[in-house]
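*Asks:* Pasting in a structure now, in structure tokens, and then I'll have a few things to ask.
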Amino acid sequence: GNGRVSGGAHLPELFEARAADRPDAPAVSLGGASLTYSELNERANSLARLLVDSGAGPGRFVGLVLPRSLDLVVALLAVVKSGAAYVPIDPAYPADRIAHTVSDVRPALVVTGQRTDVPLPDGVRRVVLGDEAVTARLARLPGADLTDADRLAPLVPGAPAYVIYTSGSTGRPKGVVVSHRNVVRLFDATE
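In terms of the numbering used here, the sequence shown is residues 39 to 229.
Quick look at the structure:
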């Protein structure tokens, strides 16, 4: 590669530069399954387009109620590419904790797996990975990198990238928002 990509770089651009640099290198492997950088990038791009169509974009949140899996990695990257912030929610949590997190975050939509039956508040859209209709839509969407023209609004370095819930001192989980800019700094530090 050409050294560090940073300064004004956004998270998706950092990943895309790496994917272009080493398309066939393994990017992620979990439970015996793996994806190369190009496979992960293309799957995330298609899902990002579907998420944008469903209302994901800068300044909005997307709940991810998925077990640790390749789907989770694809979904995390897809949310970041859409410009939205992801909120990881462990499907093993009790239903009331999941409900509290979702009503607290008020996500534009929630991504789940087929076997994750999560009760969602009224008005929250759900995208079920593995669902036949979703799989068919993803197959029709381009796997090319998104540009700002594909998003609801341009990417902003200060926009939230993800929200992590910590157990607050009150016993109620408390959300901590991390911006794209801070994740990029972290990414640079680990290069």
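Where is the CB? At the ideal position from N, CA and C, for every residue including glycine.
Just so it is clear, the structure is predicted and the values come from calculations on it, not from any experiment.
Identify the continuous alpha helix (DSSP H) that holds A174 and give its terminal residues.
*Replies:* E170 to R178
*Asks:* Could you check whether the segment 109-120 touches the segment 82-89, counting it as contact only if at least three pairs of C-beta atoms, one from each stretch, sit closer than 8 Å?
*Replies:* yes
*Asks:* Short of 8 Å in beta carbon distance, which residues of its chain neighbour G181, apart from the five on each side in sequence? Order them along the chain.
*Replies:* N79, E80, R81, N83 and S84
*Asks:* Specify, as a first and last residue, the run of the alpha helix (DSSP H) that L88 falls within.
*Replies:* Counting along the chain, L88 sits inside the alpha helix (DSSP H) bounded by residues Y75 to D91.
*Asks:* Between the beta-carbon of V143 and the beta-carbon of V201, is there less than 8 Å?
*Replies:* yes
*Asks:* Across which residues does DSSP place I202 in a beta bridge pair?
*Replies:* V214
*Asks:* Among P96, A133, R87 and R60, whose alpha-carbon lies nearest the alpha-carbon of H48?
*Replies:* If you compare the alpha carbons of P96, A133, R87 and R60 with that of H48, the shortest gap goes to P96.
*Asks:* With L167 as the anchor, note down where its beta strand (DSSP E) starts and where it stops.
*Replies:* R163 to L167
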